[in-house]
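Below is one structure, written out as structure tokens; the observations come after it.
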Amino acid sequence: MRDNRVLLQDISGVTTTSFEVKEEDEQGIRELRGNSRVVGSIEHVLTRVEMPSLDETPVGNPDDLSSIGIIKSGQKGRRSNLVVLRAGNSSLHREWPRYLADDDRNWDLCISWYGADLPSSVKECEYFFHQRRDMKFTAIANLFFNQPALLEYENFWFPDDDLETSWKDINRLFNIFRRSRLDLAQPSLSSNSNSYVNHQVTAQNPEYFLRYCDFVELMCPMLSQELLQICLPAFRGTKQAFCLDHVWGGLQGRVPGRIAIIDDVVVTHTRPMGVSYSGEQAMDEGNRLAALYGIEGSFAVGSVAKIGGSQR
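Counted from 1, the sequence shown has number 93 at position 26 by the numbering used here; the numbering is strictly sequential.
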């Protein structure tokens, strides 16, 4: 954006089209138009569209979205990043070792609780919400639609509650994500006998610091603020969330060097995949989501594009 214009530039930074705002409404810019500087007779038009969703119900109808204390008393402002953990009674987050002082933590913790009974204490988090009936990504969508101030964080991590990690490793994950200018990423998974790896491409490769690719799985994705806002409509209405991890890379544009598996940070997945999921329902939902976003072909991850990386 420059002088209230949106500039489309090539890799050399040369402007090929300069867009002007032509129409606005109460939601913001509705349409931009600009003539090509390469072929002057061509006019480009950018029109705002509503992202499709499997959920046709109006936004703003949360499940049991009740909060118990927002921003812990005594905290000096919000940190840069937010971890949103969909947690239940067996969540491992209380066992995460710290290995750093609380003042050095670069992330706040938001717990979206799915257990029927509330925990006895929520002291370990900055935010706590009770969303008993929603599945993971529908709960996340409802959370942000009803608490839009949470979108003011710079970057977001959405781990499952059966992962072993540490506060220090989460710090490191966010720092690598920011310094590498990523939009979408995940930590690598441990390949030890106590860890369940769903997709081999996500297993740690010790030769790399990080690997660029075009796939990040549902278990523990990290998203930039910009990409999260684009993806939230796709989260709505998902139950099994099958195929969602094939959607968000496409919404990001699969820009080389902006999607990665971070091998320098390793987490352990302690439960096998699919224990509480219906394969038939997941496949049906995946097919509908794929049709909604125009995804063709197999959902198999064997064809994931590996686009280089940073070796140690």
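All residues carry an ideal CB built from backbone N, CA and C; glycine is no exception.
Here the segment 275-289 lies against the segment 313-331, with 3 or more beta-carbon pairs under 8 Å apart.
At the C-beta level, Leu240 and Val332 come within 8 Å of one another. Looking at Glu191, Val81, Arg172, the one whose alpha-carbon comes closest to that of Ser179 is Glu191. DSSP places Arg245 inside the alpha helix (DSSP H), whose first and last residues are 234-246.
For Asp92, the beta-bridge partners assigned by DSSP are Gly95. The beta-bridge partner set that DSSP reports for Thr335 consists of Glu231. 8 Å or more divides the Cβ of Asp227 from the Cβ of Arg325. In this structure, DSSP gives Phe223 an extended state, which the three-state scheme calls strand. Straight across, the Cα-Cα distance linking Ser257 with Arg161 is about 20 Å. Rounded to the nearest angstrom, the gap between the Cα atoms of Asn265 and Asp201 is 23 Å. Taken in chain order, the complete alpha helix (DSSP H) segments of 4 residues or longer contained in the segment 167-213 are 203-213.
In the DSSP assignment, Ile78 forms no beta bridge with any residue. Put simply, of Ile78, His336, Thr305, Gly320 the residue whose alpha carbon is nearest the alpha carbon of Asn354 is Thr305. Restricting attention to Leu311, Arg321, Phe211, Val150, the CA atom closest to the CA of Leu356 is found in Leu311. Here Glu91 has Arg97 as same chain residues with Cβ atoms under 8 Å from its own Cβ, once five neighbours each way along the sequence are excluded.
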